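Counting in the working numbering, the sequence shown runs from 193 upward without gaps.
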Amino acid sequence: IALMIEILCSRVLGPEGRGQIALCAMATALGTMLGGLGVEIPIILWSAKARDTVSHWIPAVALWGFAGAAAASAIWMLVYRYWHPAFLRGITPTLALIVTIAIPANIIFNNLIAILTGFERFRRRAAISFATQIAELISIVLLMLFVSRSPIAAVAGMLIGLLVGAALAF
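In structure tokens, the structure reads:
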């Protein structure tokens, strides 16, 4: 599915559009890594220990996750708005806004997937990952067909797919 998304975006948008998508994906991945604060491993370990019970650590992890997501999104907005590094030249304000939303969405998704991993719900985890990819592909195709053939449509479609995956994981 990821290969189909890559081919679609490359063929429809060309190298410049594909480059904008890659920049957005890298910014989102960096923000997710920084904002996630490495909490996925403790989530896996604690949820494995708790085995299907609501535990006392979930509120702390949720607070930590939201704080990290807010900090990473704020840093991204400050870098984009005030620093203007040359390597971000192709990212438009709309793409920057989508990245700002995608960072916390990715962090939440990763934390939910980590809980499923700890609970040893591997089949469900794989199904959610597959459904997320399918939702991304469908969203990208629909947005490119009915809204615009642009990097904005592709990045927004990826965000929509991720939000569908997060909803399923929740």
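Quick reminder that beta carbons are idealized off the backbone N, C-alpha and C, glycines included.
Treat the numbers as computed from the prediction; the structure is a model and nothing was measured.
Query, Result
"Mapping DSSP to helix, strand and coil, what is T309?", "helix"
"Whole angstroms is fine: what's the gap from A345's alpha carbon to V333's?", "9 Å"
"May I ask you to report which of helix, strand or coil DSSP gives G223?", "helix"
"Which first and last residues belong to the alpha helix (DSSP H) in which G349 is found?", "343-361"
"Can you give, in chain order, each stretch of the alpha helix (DSSP H) that sits fully within the stretch 256-320 and has at least 4 residues?", "285-310"
"Determine contact between the stretch 322-338 and the stretch 353-360, defined as no fewer than three beta-carbon pairs at a distance below 8 Å.", "yes"
"Would you call F301 buried or exposed, if buried means 16 or more other Cβ atoms sit within 10 Å of its Cβ?", "buried"
"Can you find the residues in the same chain that come closer than 7 Å, C-beta to C-beta, to A194, ignoring five residues on each side of it along the sequence?", "Q325"
"Take V253 and list the residues in its own chain whose beta-carbon comes closer than 8 Å to its own, dropping the five residues that flank it on each side.", "V231, P234, I235, W238, N303"
"Given T286, which residues of its chain have a CB within under 8 Å of its CB, disregarding the five upstream and five downstream residues?", "I344"
"Rounded to whole angstroms, what's the CA-CA distance from S202 to A297? Just pull it up for me.", "25 Å"
"Can you list, in chain order, the residues of its chain whose CB lies under 6 Å from that of C216, leaving out five sequence neighbours each side?", "L287, V291, V347"
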